[in-house]
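Engineer:
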Amino acid sequence: MLDFATVDGVMTAPKTAPTRPNSDDEGENRIIDAALVQFEKVGIKKTTIEEVARQAGVDRATVYRRIGSRDDLVHAVMNREIMAVLAEVAEIPDRHDALADLTADIFITVITRWRTHPLAARLLALEPERVLSKLTTDSESVFTMCVSATAAALEQAAQRGLLDSGTDLITRAEIVCRIVHSMILSPHGVVPLETDEELAAFAHTYLVPIITGPVPAA
1 MLDFATVDGV
11 MTAPKTAPTR
21 PNSDDEGENR
31 IIDAALVQFE
41 KVGIKKTTIE
51 EVARQAGVDR
61 ATVYRRIGSR
71 DDLVHAVMNR
81 EIMAVLAEVA
91 EIPDRHDALA
101 DLTADIFITV
111 ITRWRTHPLA
121 ARLLALEPER
131 VLSKLTTDSE
141 SVFTMCVSAT
151 AAALEQAAQR
161 GLLDSGTDLI
171 TRAEIVCRIV
181 HSMILSPHGV
191 VPLETDEELA
201 AFAHTYLVPI
211 ITGPVPAA
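Going letter by letter, the sequence shown gives residues 1 to 218 in full-length UniProt numbering.
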């Protein structure tokens, strides 16, 4: 669970970063793996519970009992894949001694994982309306997780003396996440952001100042 602390009515960064779900349920993981395979193969619309059950080596009743409906399978798959990226993000602060490099690494990791994920590519080709829905009207919980992970990474950096800690870290994290979110929604623009070098330069020039800039006077 992702918890935010509140200080004088202002939301602050969570004390711990989100981690990848640690499920010891091999059967449940096998069903989610099977659903991911089917979604990547034929898309969500054409995937049936029967196909997922067959892929997982279980019966339909087991899928319904352990996970639920097809919509529940979609949620379980996407949640696990997102949490995997956020768990990767949580490990990045320990690899850097400079905030600029840390910021660039997180930015490159998130953008690259999205661009290269087989399911994202498949859904963008077959069911773009579903992707748009998940990134807009149905994105609240996912966006909150992303802001939480970013804020936690910034808090780790602050604890190591890479930036000044403050109650506005959650705000800065959200601004950065909104920029990343817009780039995912609309990947093509005027500024070249195809290579790791271009992404790093963008992060150094535009994202770092958002994180380190002075707090406006009240």
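By construction, the Cβ of each residue, glycine as well, lies at the ideal position given by its N, Cα and C atoms.
(1) Return yes when the Cβ of Ala125 is within less than 8 Å of the Cβ of Leu73, no when it is not.
(2) Mapping the DSSP letters down to three states, classify Val191 as helix, strand or coil.
(3) Comparing alpha-carbon positions, which option in Glu197, His75, Ile170, Ile211 lies nearest Asp138?
(4) In whole angstroms, give me the CA-to-CA distance for Ala87 and Ala151.
(5) Count the other C-beta atoms from every protein chain shown that fall within 10 angstroms of the C-beta of Arg172, then say buried if there are 16 or more, exposed otherwise.
(6) From the DSSP output, in three-state form, read off Arg172 for me.
(7) Measuring straight from C-alpha to C-alpha, what distance separates Tyr64 and Arg115?
(8) Should Val131 and Leu123 be called a contact, given that it needs their Cβ atoms to be closer than 8 Å?
(9) Give the DSSP-derived three-state secondary structure of residue 291 in the structure shown.
(10) Where does Pro128 sit, in a helix, a strand or coil, going by DSSP?
(11) With a floor of 4 residues, list each alpha helix (DSSP H) that falls wholly inside the segment 137 to 161, ordered by position along the chain.
(12) If we ignore side chains and look at the alpha-carbon of each, how far apart do Asp168 and Ser69 end up?
(13) Quick check: the Cα distance between Val52 and Asp25, rounded to an integer number of angstroms?
Structural biologist: So, from the listed chains and residues:
(1) What you label residue 73 is simply residue 73 of the sequence shown in a count that begins at 1. What you label residue 125 is simply residue 125 of the sequence shown in a count that begins at 1. In this structure, Ala125 does not lie closer than 8 Å to Leu73 by Cβ.
(2) Taking the sequence shown and counting its residues from 1, the one referred to as residue 191 is at position 191. In this structure, Val191 counts as coil in the three-state DSSP scheme.
(3) Walking along the sequence shown from the start, residue 138 turns up at place 138. Comparing Cα-Cα distances from Asp138 to each of Glu197, His75, Ile170, Ile211, the minimum goes to His75.
(4) Here residue 87 corresponds to residue number 87 of the sequence shown, with the count starting at 1. Here residue 151 corresponds to residue number 151 of the sequence shown, with the count starting at 1. Those two C-alpha atoms are separated by around 13 Å.
(5) Counted from its first residue, the sequence shown places residue 172 at position 172. Arg172 should be labelled buried.
(6) By one-based count along the sequence shown, residue 172 stands at place 172. Correct three-state label for Arg172: helix.
(7) Reading the sequence shown from its first residue, position 64 is the one you call residue 64. Reading the sequence shown from its first residue, position 115 is the one you call residue 115. Rounded to whole angstroms, Tyr64 to Arg115 spans 31 Å at the Cα level.
(8) Here residue 131 corresponds to residue number 131 of the sequence shown, with the count starting at 1. Here residue 123 corresponds to residue number 123 of the sequence shown, with the count starting at 1. The answer is yes: Cβ separation under 8 Å.
(9) Coverage of the chain is limited to positions 1 through 218, which leaves residue 291 absent and any answer about it impossible.
(10) On the sequence shown, position 128 is the one that residue 128 refers to. The answer is helix: DSSP assigns Pro128 an H, G or I state.
(11) 140 to 159
(12) For the purposes of this step, residue 168 is taken as the residue at position 168 of the sequence shown. For the purposes of this step, residue 69 is taken as the residue at position 69 of the sequence shown. Each residue's Cα considered, the two are about 40 Å apart.
(13) Walking along the sequence shown from the start, residue 52 turns up at place 52. Walking along the sequence shown from the start, residue 25 turns up at place 25. Val52 and Asp25: Cα-Cα distance of roughly 17 Å.
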